[in-house]
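**Student:** Once you've had a glance at the structure underneath, I'll fire off some questions.
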Amino acid sequence: MTDHSAIPFLQARGLTKRFSGVTALDNVSLSVERGEVHAVIGENGAGKSTLMKILAGVQQQDNGEILLDGAPVKLNGVNQALNQGIALIHQELNLADNLEVGANIFLGREPKTCGFLNSKRIHREASQFLSMVGLEINPRTLVGSLTIGVQQMVEIAKALSVNARILIMDEPTSSLSQTETEELFRVIANLKAQGVTIIYISHRLFEIETIADRVTILRDGKNAGRLSKDEISHDAMVEAMVGRDISKFYARKSYAKNTAQLEVKSLRTQSWPQHTIDLEVRAGEMVGIAGLVGAGRTELLRAIFGIDKALSGSITVSGQKLTNLNCRTAINAGIAMVPEDRKNEGLILETGTRNNIGLPGLDRHRKAWLFANSGHEKADSERFTREMRIKTSNDSQQVRYLSGGNQQKVVIGKWLSMNPTVLLLDEPTRGVDIGAKQEIYRLMEELAAQGVAILFVSSEMEEVISMSDRVLVMHEGRIAGELSRNDASEEAIMHLATGGRAAHPTEPKEDQ
Amino acid sequence: MKKILGILGLLIFICLATWTMAEESFISPFNTQNLIRRSAEFGIISIGAAFVIITAGIDLSIGSVICLVGCLLPWMLVERQIPVPLALLLIAGISLAIGLSHGLLITKAKLQPFVVTLCGLLFYRGLTRGIVHDQTQGFKGGFSELRTLATGQVPIPGTDYNLPNPCLILMGVATLAIILLNFTVYGRYMLAIGRNETAARFSGINTDRVIILAYVICALLSGLGGMIFVLDIGSAQPVDFGNFYELYAIAGAVLGGCSLRGGEGTIIGVVIGAAVMQVLRNTITLVDHIPTNIEYAVIGAVILGGVMTDALVKRFAAKRLARTAKNTD
Numbered sequence: 191m192t193d194h195s196a197i198p199f200l201q202a203r204g205l206t207k208r209f210s211g212v213t214a215l216d217n218v219s220l221s222v223e224r225g226e227v228h229a230v231i232g233e234n235g236a237g238k239s240t241l242m243k244i245l246a247g248v249q250q251q252d253n254g255e256i257l258l259d260g261a262p263v264k265l266n267g268v269n270q271a272l273n274q275g276i277a278l279i280h281q282e283l284n285l286a287d288n289l290e291v292g293a294n295i296f297l298g299r300e301p302k303t304c305g306f307l308n309s310k311r312i313h314r315e316a317s318q319f320l321s322m323v324g325l326e327i328n329p330r331t332l333v334g335s336l337t338i339g340v341q342q343m344v345e346i347a348k349a350l351s352v353n354a355r356i357l358i359m360d361e362p363t364s365s366l367s368q369t370e371t372e373e374l375f376r377v378i379a380n381l382k383a384q385g386v387t388i389i390y391i392s393h394r395l396f397e398i399e400t401i402a403d404r405v406t407i408l409r410d411g412k413n414a415g416r417l418s419k420d421e422i423s424h425d426a427m428v429e430a431m432v433g434r435d436i437s438k439f440y441a442r443k444s445y446a447k448n449t450a451q452l453e454v455k456s457l458r459t460q461s462w463p464q465h466t467i468d469l470e471v472r473a474g475e476m477v478g479i480a481g482l483v484g485a486g487r488t489e490l491l492r493a494i495f496g497i498d499k500a501l502s503g504s505i506t507v508s509g510q511k512l513t514n515l516n517c518r519t520a521i522n523a524g525i526a527m528v529p530e531d532r533k534n535e536g537l538i539l540e541t542g543t544r545n546n547i548g549l550p551g552l553d554r555h556r557k558a559w560l561f562a563n564s565g566h567e568k569a570d571s572e573r574f575t576r577e578m579r580i581k582t583s584n585d586s587q588q589v590r591y592l593s594g595g596n597q598q599k600v601v602i603g604k605w606l607s608m609n610p611t612v613l614l615l616d617e618p619t620r621g622v623d624i625g626a627k628q629e630i631y632r633l634m635e636e637l638a639a640q641g642v643a644i645l646f647v648s649s650e651m652e653e654v655i656s657m658s659d660r661v662l663v664m665h666e667g668r669i670a671g672e673l674s675r676n677d678a679s680e681e682a683i684m685h686l687a688t689g690g691r692a693a694h695p696t697e698p699k700e701d702q
Numbered sequence: 072m073k074k075i076l077g078i079l080g081l082l083i084f085i086c087l088a089t090w091t092m093a094e095e096s097f098i099s100p101f102n103t104q105n106l107i108r109r110s111a112e113f114g115i116i117s118i119g120a121a122f123v124i125i126t127a128g129i130d131l132s133i134g135s136v137i138c139l140v141g142c143l144l145p146w147m148l149v150e151r152q153i154p155v156p157l158a159l160l161l162i163a164g165i166s167l168a169i170g171l172s173h174g175l176l177i178t179k180a181k182l183q184p185f186v187v188t189l190c191g192l193l194f195y196r197g198l199t200r201g202i203v204h205d206q207t208q209g210f211k212g213g214f215s216e217l218r219t220l221a222t223g224q225v226p227i228p229g230t231d232y233n234l235p236n237p238c239l240i241l242m243g244v245a246t247l248a249i250i251l252l253n254f255t256v257y258g259r260y261m262l263a264i265g266r267n268e269t270a271a272r273f274s275g276i277n278t279d280r281v282i283i284l285a286y287v288i289c290a291l292l293s294g295l296g297g298m299i300f301v302l303d304i305g306s307a308q309p310v311d312f313g314n315f316y317e318l319y320a321i322a323g324a325v326l327g328g329c330s331l332r333g334g335e336g337t338i339i340g341v342v343i344g345a346a347v348m349q350v351l352r353n354t355i356t357l358v359d360h361i362p363t364n365i366e367y368a369v370i371g372a373v374i375l376g377g378v379m380t381d382a383l384v385k386r387f388a389a390k391r392l393a394r395t396a397k398n399t400d
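Following this line, the structure appears as structure tokens:
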């Protein structure tokens with residue numbers, strides 16, 4: 191046997207990968223020790239995904255080599271990687287939700303007797319793997335009936351069932367709640383104790399501070415640094431990722447005026463009909479809504495925007511009460527919404543920036559006889575493409591080819607063209623790299639300075655805390671508490687979000 | 072534009088091939104006029120189908136609506152002796168009501184377009200056969216003025232050829248359709264809804280209203296088509312009048328560049344697509360060594376070939392686009 195202390199368990203040397211002229215990876219090296227949690231971080235497009243795909247056999251490198259226990263291995267295809275014990279858990283889960291948990295774990299490798307499925311064995315063995323990830327569920331449960339967090343555990347169990355020694359996790363917590371994330375960390379610690387090596391990719395630096403033993407940082411397809419356990423800190427990681435020092439996350443002034451721009455009274459949503467919601471956002475004020483996934487935050491925004499019909503309640507914009515709670519009256523009153531799922535709800539992916547930005551305004555700017563005003567549409571799209579620095583080759587290039595950050599800017603631009611007075615944003619920076627994030631924050635600040643009332647939902651604590659003038663924390667369909675800018679801390683928010691009472695409840699209108 | 076060139080190329084190729092094989096009989100004034108008249112009639116109903124397909128829907132009831140209108144018009148005029156203007160008004164009203172009910176069932180009751188219009192396909196044919204007791208309905212040699220709407224023609228100065236009236240009607244319909252689809256707010260909404268209905272709803276579009284409009288247009292054009300068909304032929308048998316016409320209409324739209332996934336299509340392409348189908352049928356009749364009983368097989372094969380070529384071209388174009396997009400990043 192080789193001496194494990196000297197030779198790294200998994201080593202990648204000088205990996206280079208080009209896609210038709212674009213260099214995704216340029217001479218990248220990675221060295222992972224047996225049984226460690228090794229985080230790989232970098233902005234979007236830094237080459238993390240490509241590196242992971244090469245390690246998992248999904249893609250093959252153009253140059254460079256991969257060594258396991260010091261011996262070079264060829265990973266031509268997912269099966270070869272699996273045979274070497276390397277399994278990739280994708281960001282989007284690959285489970286068939288119409289099948290049982292056990293059937294999913296053994297999908298394609300079902301134990302058979304005489305050509306028939308041996309379901310007894312499937313369930314017995316599935317239970318073993320499920321207990322390895324701390325799940326005490328019946329393997330006969332349908333995957334579709336499980337929460338995303340539990341499904342993730344099933345996916346890990348599935349990887350373990352092929353004797354994976356190295357688990358690559360690509361943004362595993364992106365759709366998990368806080369409790370589910372904590373549960374995942376327990377499982378990761380457990381797996382580590384059993385000698386499983388984990389390569390962990392995440393944008394959430396706080397998580398990496400918690401669980402990673404070492405960190406490899408990529409920037410523009412190249413190695414941009416390596417941090418050992420005692421060097422890992424939020425600032426050190428951000429600095430290495432962006433190549434410059436961001437001393438503060440985002441510092442902003444408050445522009446809140448005293449006039450109420452959006453007033454929501456006794457609003458009942460379809461998903462939480464037992465609670466009514468009252469809130470107010472003043473002109474120029476930025477109000478963040480924090481809470482766990484499933485607390486009813488998105489449903490609240492959707493009800494205000496009128497895309498989901500509210501059961502009762504009233505909405506007042508700039509003193510005018512909406513006569514009808516639907517999307518069109520909301521838009522006409524000056525409400526705009528940047529939805530959580532930009533690809534399905536925010537954009538028409540197969541059309542260009544011009545059609546996307548022009549769409550909501552077609553009716554408002556139409557000419558006689560319902561003729562569309564193409565000139566106005568073109569001018570609007572040119573203006574917002576320029577002002578928001580949207581990177582696109584021309585105004586009809588399909589927006590699905592744009593990066594996440596540029597896509598999000600198109601969605602925001604589409605609504606700015608309507609001159610909104612109330613802007614609702616649901617997870618405004620999800621899946622967006624750090625550079626574009628800063629631009630979106632700056633934009634939100636500019637809008638607030640112009641007097642737009644901003645109400646936004648975010649699951650990123652640092653975002654809610656640093657951007658909000660006031661934080662509303664939701665818990666199980668109601669507003670559990672309100673925190674002023676000064677009182678908003680991660681602990682205070684989590685306390686309320688998990689059902690605790692506010693330690694220092696602030697009176698409304700005293701929070702400037 | 073490229074898409075139209077492709078289908079136009081196919082049309083020209085089939086025409087030239089038929090000309091070589093069938094020679095004089097293909098370009099005789101009699102044959103060309105009949106062919107143009109037929110193509111125009113099918114072009115009208117294909118445009119209707121295209122509007123529905125562009126909003127990512129489908130209408131299977133076109134043939135049965137043609138049957139209903141085609142039988143009711145002579146029945147009202149001859150059997151019931153209803154005055155012509157009133158009969159035409161009634162037919163327009165019936166078509167409108169059919170389109171409205173399809174649209175309402177699909178948007179408000181949230182039923183699937185396939186199911187709603189499949190039921191329509193069965194219902195309107197059964198209804199027609201019941202009303203006219205399975206009797207063939209004809210104009211009995213009368214109403215020749217009204218019939219010139221379909222049978223008449225305008226001479227093209229300086230030639231032996233004439234332009235059939237349905238062709239003029241098609242030009243009018245196509246012009247209006249092009250304006251509606253490309254230059255009005257509603258047309259833009261239809262394309263947007265076909266691509267992504269959710270995003271359209273999030274943009275404040277009354278998607279229900281736009282979808283209902285598409286089904287109304289389709290039913291109205293089916294009604295117009297049914298009227299022209301029966302005026303042209305002179306009689307209609309309730310059992311098989313308009314049978315399969317929905318499939319010709321849909322095939323014409325698909326050949327002309329509409330995707331059944333919605334959001335795509337041009338009116339010119341659809342009109343040419345409808346013409347391709349009719350020229351093919353004509354080819355099979357005229358060319359001696361193609362047995363007429365394999366007509367459907369030939370048409371099916373040509374549609375499949377056309378759609379496959381289109382898919383391959385699109386995949387190639389998408390790859391190239393993705394490459395250039397990456398390079399500009």
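Those protein sequences? They're chains A and B, same order as listed. Read in order, the letters of the first sequence are residues 191 to 702 in the working numbering. Read in order, the letters of the second sequence are residues 72 to 400 in the working numbering. Glycine included, C-beta positions come from ideal geometry on N, C-alpha and C.
(1) From this set, LEU452(A), LEU512(A), GLU475(A), GLN587(A), which residue's C-alpha is nearest ALA388(B)'s C-alpha?
(2) Could you list which residues in chain B have their beta carbon closer than 7 Å to that of GLU540(A), in chain order?
(3) Only counting runs of 4 or more residues, tell me where the alpha helix (DSSP H) segments fall wholly within the segment 174 to 219 of chain B, in order along the chain.
(4) Where does GLU335(B) land, buried or exposed, given buried means 16+ other C-beta within 10 angstroms?
(5) Can you check which of these residues, ARG668(A), GLY204(A), CYS304(A), LEU686(A), is closest to LYS159(A) by C-alpha distance?
(6) Could I get the ranges of all uninterrupted beta strand (DSSP E) runs contained in the segment 356 to 388 of chain A, with 3 residues as the minimum, in chain order?
(7) Which residues in the same chain have their Cβ closer than 7 Å to the Cβ of GLN702(A), if we skip the five residues on either side of it in sequence?
(8) Determine whether the beta carbon atoms of THR206(A) and ASN253(A) lie at a separation below 9 Å.
(9) List the residues of chain A whose Cβ lies closer than 7 Å to the Cβ of SER274(B), in chain order.
(10) For GLU470(A), which option in VAL218(A), THR519(A), LEU645(A) has the closest C-alpha, if you only look at C-alpha atoms?
(11) Three or more C-beta pairs under 8 Å: does that hold for the segment 574 to 594 of chain A against the segment 309 to 321 of chain B?
(12) For a test of the three-state rule: what should DSSP assign to MET412(B), helix, strand or coil?
(13) Could you name the residues that DSSP lists as bridge partners for ALA480(A)?
(14) With 9 Å as the threshold, decide whether the Cβ of THR408(B) is near any Cβ in chain A.
(15) By the criterion of Cβ-Cβ separation under 9 Å, what are the contact partners of MET578(A) in chain B?
(16) Taking the alpha-carbon positions, what's the ARG532(A) to GLN597(A) distance?
(17) In chain A, which residues lie less than 7 Å from ARG259(B) when you measure between Cβ atoms?
(18) Could you spell out the range, first to last residue, of the beta strand (DSSP E) harbouring VAL470(A)?
(19) Enumerate in chain order the residues of its own chain whose CB-to-CB distance from VAL512(A) is below 6 Å, with the five nearest sequence positions on each side excluded.
(20) With a threshold of 7 Å on Cβ separation, who are the neighbours of VAL358(B) within its own chain once the five nearest residues in sequence on each side are excluded?
(21) Taking Cβ to Cβ, would you say ILE125(B) is nearer than 9 Å to GLY265(B)?
(22) When the cut-off is 9 Å and only beta carbons count, does ILE683(A) lie next to chain B?
(23) Identify which residue in SER351(A), GLY247(A), VAL386(A) has its Cα closest to the Cα of GLU223(A).
(24) What residue does the alpha helix (DSSP H) around HIS685(A) start on, and which one ends it?
(25) Please return the same chain residues whose Cβ sits closer than 7 Å to the Cβ of THR400(A), not counting the five positions on each side in sequence.
(26) On the CB-based measure, 16 or more other CB atoms within 10 Å of its CB, does HIS194(A) come out buried or exposed?
(27) Between SER674(A), ILE580(A), GLU672(A), ASP360(A), which has its C-alpha nearest HIS280(A)'s C-alpha?
(28) Would a C-beta distance cut-off of 9 Å place GLN208(B) and LEU144(B) closer than the cut-off?
(29) Within the present structure, is the beta-carbon of ALA354(A) separated from the nearest heavy atom of the ligand ATP by less than 8 Å?
(30) Please name the residue in LYS348(A), LEU257(A), ASP259(A) whose C-alpha comes closest to that of GLU315(A).
(31) Can you name, in chain order, every residue of its own chain whose Cβ lies under 6 Å from the Cβ of THR240(A), other than the five neighbours on each side?
(32) Relative to the alpha-carbon of ASP623(A), which residue among LEU592(A), GLY641(A), VAL647(A) has its alpha-carbon at the smallest distance?
(33) Buried or exposed: LYS238(A), going by 16 or more other Cβ atoms within 10 Å of its Cβ?
(34) Can you give me the start and stop residues for the beta strand (DSSP E) that ALA261(A) sits inside?
(35) Using CA coordinates, which residue listed in LEU326(B), ILE202(B), VAL187(B) is at the minimum distance from TYR286(B)?
(36) Per DSSP, what kind of secondary structure is LEU215(A) in: helix, strand or coil?
**Tutor:** On the basis of the data shown:
(1) GLN587(A)
(2) ARG266, GLY334
(3) Within the segment 174 to 219 of chain B, the alpha helix (DSSP H) runs of at least 4 residues that lie entirely inside it are, in chain order, 184 to 202.
(4) It is buried - the Cβ of GLU335(B) has at least 16 other Cβ atoms within 10 Å.
(5) The structure shown has nothing for residue 159(A), since chain A only spans 191 to 702.
(6) Within the segment 356 to 388 of chain A, the beta strand (DSSP E) runs of at least 3 residues that lie entirely inside it are, in chain order, 356 to 360.
(7) With a pLDDT of 35 at GLN702(A), under the threshold of 50, the predicted position of this residue should be treated as unreliable, though the coordinate-derived value follows. The residues are SER444, ALA446.
(8) yes
(9) LEU549, PRO550
(10) LEU645(A)
(11) no
(12) Since the first and last residues shown for chain B are 72 and 400, residue 412(B) lies out of range.
(13) Within the DSSP bridge table, the entry for ALA480(A) names VAL663(A) as partners.
(14) In this structure chain B extends from 72 to 400, so residue 408(B) is not present and cannot be described.
(15) What MET578(A) touches in chain B: nothing, since even the nearest Cβ is about 17 Å away.
(16) Our two residues, ARG532(A) and GLN597(A), have alpha carbons roughly 8 Å apart in a direct line.
(17) LEU552, ALA562
(18) With the sequence shown as reference, residue 470(A) is identified as Glu, and Val is not the correct amino acid for it. In the DSSP assignment, GLU470(A) falls within the beta strand (DSSP E) that extends over 467 to 472.
(19) Note on identity: in this sequence residue 512(A) is Leu, with Val being the wrong assignment. ILE505, THR519, ALA523, listed in sequence order.
(20) THR89, MET92, ALA93
(21) A Cβ-Cβ contact shorter than 9 Å links ILE125(B) with GLY265(B).
(22) no
(23) VAL386(A)
(24) 680 to 687
(25) PHE375.
(26) Reliability of the predicted coordinates at HIS194(A) is poor, the pLDDT of 48 falling under 50, and no value is obtained from them.
(27) Looking at the Cα atoms, ASP360(A) is the closest of the given residues.
(28) yes
(29) No copy of the ligand ATP appears in this structure; indeed no ligand is present at all.
(30) LYS348(A)
(31) LYS207, ALA214, LEU215
(32) LEU592(A)
(33) buried
(34) From DSSP, the beta strand (DSSP E) with ALA261(A) extends over 261 to 263.
(35) VAL187(B)
(36) strand
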